[in-house]
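As they're listed, the protein sequences go chains W and L. Numbered continuously in numbering that gives the first Met the number 0, the first sequence closes out at residue 105. Numbered continuously in numbering that gives the first Met the number 0, the second sequence closes out at residue 888. Even for Gly, the Cβ is constructed at its ideal location relative to N, Cα and C. A quick note: this is a predicted structure, and the numbers were derived from the prediction, not measured. A short worksheet on the structure shown next.
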Amino acid sequence: MSDALGELEQLVLLTILRLGEDAYGVPIVEELRRHTRQSVLRPSVYLALRRLEAKGLIASRLGDPEPRRGGRARRYFSLQPAALARLRESRRTLDSLWDGLSLDES
Amino acid sequence: MTTRRGRASGPAEPPRAAVRLLAVRLPADDRDVVLGDLTETFADRIDAGCRLNRLWFWMQTLAFVGGFAIARRREVPRMPPSGRHPMRALAVSLRHAARRLRFEWRYALGVTAILAVGIGPATTMLSIVRTVLLDPLPYAEPERLGLFRLDLGQIRNHPGLSPAEITDLQGLTGVFTAVEGTSRIGEVSMGPAEDLVPLTQVGVTPGLFRMLGVAPVLGRWPTAEDARLQPPPAWIDYDLWQTAFGGSEDLVGQTVRLDGRPVPIAGVMPRGFRLVLGRGAPVPIDVYVAMPPRTNRNFWAFPTLARLAPGVTFAQAQAAVDAYATSARAAHPDVYTEDDLRFALHPLRDDLLRETRPAIRAALGGVLLLLLIAFANAAALVVARLGARAHDLAIRRAIGAGRARLVADVLVESGILAAAGAVGGAVLGAAGLVAARRVMPETVPRLESLHVSVDLWWWSAALAGVGLVIAGLVPVWRVSRGAPWRGLGTGSVRSGRAEGALSRLVLVGAQVALTVVLAFGAVQLVRSASRLSAVDVGFDRQVLTFKVPIDFARYQQAPDQVALYERVRDRLRQVAGIEAVGAVSHLPLSGATLTDIYTPDLAAAPGGNLPVANYHAVLPGYFASMDIPFVAGRDFTDAENRAGEPVIVVDETLARSAFPGGDAVGRTLRLGWGIPDSRIVGVVRHVRAIEVGREVRPQIYAAYGTFQWPPLLFTVRTSRAPRDLEPAIAAAVADERTGRAVSSFRVLDENVQRATSTLRAVTGLVGTLALSAGLLSAVGLYTVIAFVVHQRRRATAIRSALGASRGQLVRHHLRTIGLVLLAALPVGLALAWGVAPLFESLVFGIGDRDPASLGLALALATLAAAAGIVIPIQRAAGIDPVVVLRAEE
């Protein structure tokens with residue numbers, strides 16, 4: 000159970016997948032906010048990133064220090080193969096559950 | 000120009016305070032990334048023309064600080080234990096301490112052993128003190144029970160009242176709810192004439208058991224009616240019920256033959272019931288009979304107890320009794336001829352413990368000293384090791400361990416050692432208790448209820464707690480002072496000074512001083528005991544004695560008794576192995592005495608402040624059998640004895656004081672106990688009859704024919720092992736048809752031993768304690784000096800390398816030790832001087848501050864110290880500079 004993916008974690012994984020090479024903290028939060036159309040608690044995103052890294056689903060590397068960041072480096076995230084497998088499986092589950100269902104949006 | 004700080008630092012810079020807060024509170028892994036991202040977003044927002052950006056940054060800061068704090072609490076395994084939760088911190092401390100102690104097991108074992116050696120004897124002693132001194136007597140509301148002692152003329156503290164006085168005191172109903180008396184303990188013979196069993200018997204007034212609140216386990220309470228029955232019914236001891244009657248449930252109502260009469264048994268007393276009648280251990284009594292009422296006023300032979308009425312204090316009761324004494328003296332001038340009459344009412348327990356208390360106090364004092372020494376010793380060891388751990392502590396402090404954490408660690412470690420010491424102490428204490436029951440003299444009251452109980456473990460735990468505080472406090476103080484980590488460089492080449500040596504030396508000094516005190520106590524007691532055992536008691540200690548009661552129904556008249564006793568004596572003289580036979584009413588050092596006035600002034604009125612002496616009734620031949628030499632004159636003759644001639648033998652003390660001219664023989668004395676004026680026919684050596692240590696009263700011997708005081712105790716000097724003759728003696732006495740069983744066989748040496756047993760027991764105990772103290776002090780000095788030497792090894796090595804001789808090195812080390820001893824020995828001497836008066840009642844034959852003992856104590860303590868320092872100093876002097884200096888490169 001401990002390595003079950005939470006909703007936020009899945010969203011973060013998908014966001015990283017969408018951002019590709021440019022996936023670091025600032026755009027991840029922006030992208031999430033754009034898609035979910037609601038405010039995202041920044042610390043929970045960072046904590047989710049820590050958890051995902053601890054589970055071996057994502058890897059990170061440091062970029063170069065930047066003056067705009069007060070001389071600090073960016074940390075770029077990328078998906079590990081296990082993450083892709085988990086996302087695929089999650090999608091399959093959701094698809095099969097949704098199969099034949101329709102919820103009228105009103 | 001602007002006045003706002005925020006603008007001054009540039010519009011793209013987030014609030015510094017918020018940045019600092021994040022830098023401090025975020026985990027190191029995430030700090031830079033989060034700060035970088037926030038700063039970047041902050042700049043983006045400014046570029047995008049957003050407002051309130053600084054407020055936004057603060058909100059983000061607080062969200063991150065809060066969010067990460069909550070996450071840290073959840074993600075326990077990710078972080079090392081914070082140590083902030085007390086139980087977790089304790090568990091960690093315990094684990095660390097256990098690991099350290101396992102590694103340094105020799106140290107742990109040493110401290111544990113030292114604590115156990117201190118705690119063990121202390122728990123034993125505290126258990127004894129509790130049982131003997133503190134436990135209430137096994138009666139109902141025992142604190143309201145008192146015992147009367149009579150002061151009449153020169154007779155002091157006499158533990159007996161007359162029957163008429165008991166009746167009078169029973170009339171003080173507002174003061175006492177009950178006043179009850181007993182007779183002296185006597186002996187009866189149980190069973191048929193051909194198979195007599197000797198038993199002890201005491202008469203009691205009917206209300207005694209009820210007053211004590213002790214109900215018979217079988218049968219009923221005694222009643223006033225019982226006392227008028229002939230023969231009166233008997234209540235028997237539990238043990239007798241079990242042994243002689245097999246614990247039969249329907250014993251009550253049956254009769255048993257006592258002294259030839261069928262006596263109905265009315266009840267059985269509870270198991271372990273003892274009648275406490277003042278000083279010393281109560282004697283087991285087999286048979287209690289209801290005592291017939293008497294009215295005489297001049298026969299003070301009935302130990303009397305009273306129970307205070309509710310709300311009445313002993314002082315108030317004493318005042319009422321004093322008023323009674325005044326009126327009694329006025330009403331009966333013929334009886335109370337002496338100047339003063341006082342019935343002193345003592346709380347029963349105080350009276351019981353009067354002679355035991357000083358001895359137990361002395362022993363307790365010795366035990367507490369040993370405990371202090373052990374604690375000081377353990378503390379010194381703990382401190383010494385702490386010094387050695389200074390480096391370790393300094394590193395832990397440097398990598399962030401809080402002061403409170405280190406103090407807690409030291410305390411936890413001390414706690415483990417104290418707990419181990421407590422267990423060891425409890426085991427030693429239990430062993431000590433078992434040994435004490437064997438060794439302690441039977442004169443100590445209530446020893447029979449001494450046993451290994453739960454509270455022994457409590458004592459031990461409590462003492463270990465005290466030990467923890469004492470042995471743990473010094474290191475905690477040093478830790479919290481921060482001394483151990485003053486510099487990581489301690490112990491380097493530059494530092495030749497021993498860290499914390501001073502506090503250790505102070506502890507060692509304290510041990511040496513306390514050792515002086517204990518050694519002094521032991522030396523005083525050992526010298527006293529040896530002097531006491533060398534005392535010439537004035538009689539042959541190997542004389543065998545036994546009681547020969549007679550059937551008074553058959554031998555009612557004095558001449559019949561005299562003739563019977565002479566026949567028994569002459570019959571015994573024929574028994575093989577018996578060399579001499581005599582008989583006496585009161586044996587020396589038996590605790591029984593008979594005291595009254597005497598005077599050489601035949602015109603003196605009776606009473607007044609006349610001198611008193613101890614009286615004895617004897618058969619001719621007594622002095623020869625006891626090997627008591629005549630100084631002048633001769634023994635009684637059988638003819639004088641039979642005729643009841645008014646002749647007496649006195650001891651030299653009386654002869655000297657009554658007739659300073661030295662011509663006592665032939666002079667006449669006026670005597671007490673209704674004995675007619677008698678002529679002195681002989682003067683014998685004084686016999687130590689009451690105390691081994693000193694002459695108490697002069698002695699008067701009257702022939703049994705003049706002064707009947709049955710039953711006589713026979714004294715027999717034998718040519719072989721005395722106790723082997725018992726069957727032959729019993730048979731010989733039975734041949735003369737006394738009608739009673741011979742009882743109480745004893746060799747007189749047992750009396751001497753018992754009279755000196757308290758001193759010998761205390762001496763043995765304090766001697767053992769002093770020995771332990773000396774050993775502990777030596778061990779304490781050894782460990783501390785060894786540490787000092789070890790810590791100074793660099794300095795020593797450098798000195799040695801620079802050419803210091805072995806002698807110079809030894810002298811260098813001895814200087815410190817010498818200073819400690821110079822300070823400690825006088826302190827110990829002063830302490831010994833101060834406590835010396837506490838031993839006074841136990842010291843015999845020497846002053847209570849005997850200089851020789853003080854000197855010997857100093858010498859012994861110095862010897863112990865020397866034994867402790869010899870090895871480490873030898874080792875220091877033997878240091879090889881090359882090895883030492885290379886080892887610490």
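Put simply, the stretch 341–349 of chain L touches the stretch 313–322 of chain L. At least three CB pairs are less than 8 Å apart. When CB distances to chain L are screened at a threshold of 8 Å, the residues of the stretch 72–93 of chain W falling below it are Ala72, Arg73 and Arg74, in chain order. Around the beta carbon of isoleucine 113/L, a 10 Å sphere encloses 16 or more other beta carbons of the protein chains shown; the residue is thus reported as buried. Of all residues in the stretch 21–32 of chain L, only Asp29, Asp31 and Val32 place a beta-carbon less than 7 Å from a beta-carbon of chain W.
Here DSSP, grouped into helix, strand and coil, assigns glutamine 698/L to strand.
Three or more Cβ pairs closer than 8 Å define a contact, and the stretch 278–292 of chain L meets that threshold against the stretch 231–243 of chain L. Neighbourhood of leucine 46/W in chain L, by CB distance below 8 Å: Gly66, Phe67 and Ala70, in chain order.
As summarised for the stretch 535–586 of chain L, the continuous beta strand (DSSP E) elements at least 3 residues long and confined to that stretch are 543–547 and 577–583, given in chain order. Listed along chain W are Arg41, Pro42 and Tyr45, each with a C-beta nearer than 8 Å to that of phenylalanine 63/L.
Scanning chain L for C-beta atoms nearer than 7 Å to the C-beta of glycine 24/W yields Val32 and Asp36, reported in chain order.
In this structure, DSSP gives arginine 666/L a state outside helix and strand, which the three-state scheme calls coil.
Looking only at Ala68/L, Gln523/L, Gly35/L and Thr222/L, the smallest Cα-Cα distance to tyrosine 75/W is reached by Gly35/L. Between arginine 260/L and proline 230/L a beta carbon distance of about 5 Å is seen, short of the 8 Å cut, so the two are scored as contacting. Following the DSSP letters along the chain, one finds leucine 61/W inside the beta strand (DSSP E) bounded by residues 57–65. Contacts with chain W at 7 Å (Cβ-Cβ) do not include threonine 60/L. Interface with chain W (7 Å Cβ-Cβ cutoff): alanine 42/L is included. For glycine 5/W, not one C-beta of chain L is nearer than 7 Å to its own C-beta. Leucine 96/W sits away from alanine 47/W, with the two beta carbons spaced by 7 Å or more. Alanine 243/L and serine 742/L have their C-alpha atoms some 17 Å from each other. Under the 8 Å Cβ criterion, the stretch 823–842 of chain L counts as touching the stretch 508–523 of chain L, having at least three qualifying pairs. In its chain, beyond the 5 residues on either side, Asp258, Gly259, Thr737, Gly738 and Arg739 have a beta carbon closer than 8 Å to the beta carbon of aspartate 550/L.
Within a 10 Å sphere around the beta-carbon of alanine 375/L sit 16 or more other beta-carbons, which makes this residue buried. With respect to chain W, the C-beta atom of glutamate 39/L has a partner C-beta closer than 7 Å. The count of Cβ pairs closer than 8 Å, one atom from the stretch 797–811 of chain L and one from the stretch 551–569 of chain L, stays below three, leaving the stretches out of contact.
Neighbourhood of glycine 55/W in chain L, by CB distance below 8 Å: empty, with the nearest CB roughly 14 Å away. Runs of the alpha helix (DSSP H) lying entirely within the stretch 859–886 of chain L and spanning at least 4 residues, in chain order: 880–886. Counting along the chain, the unbroken beta strand (DSSP E) around histidine 345/L starts and ends at 340–346. Assignment of isoleucine 689/L by DSSP, reduced to helix, strand and coil, places it in the coil class. Assignment of serine 188/L by DSSP, reduced to helix, strand and coil, places it in the strand class.
Look at glycine 62/W: its C-beta is not under 7 Å from any C-beta on chain L.
For glutamine 229/L, no alpha helix (DSSP H) encloses it, and the DSSP letter there is neither H nor E. Interface annotation, arginine 32/W: not in contact with chain L, CB-CB separation never under 7 Å.
With respect to the 7 Å criterion, glycine 202/L and valine 251/L are not classified as neighbours on the basis of their beta carbons. Asparagine 640/L is positioned such that its CB atom lies no closer than 7 Å to that of alanine 727/L. Contact between aspartate 748/L and glutamine 541/L holds, with the beta-carbon distance rounding to 6 Å and staying under 8 Å. Between tryptophan 456/L and alanine 425/L, the CB-CB gap stays under 7 Å.
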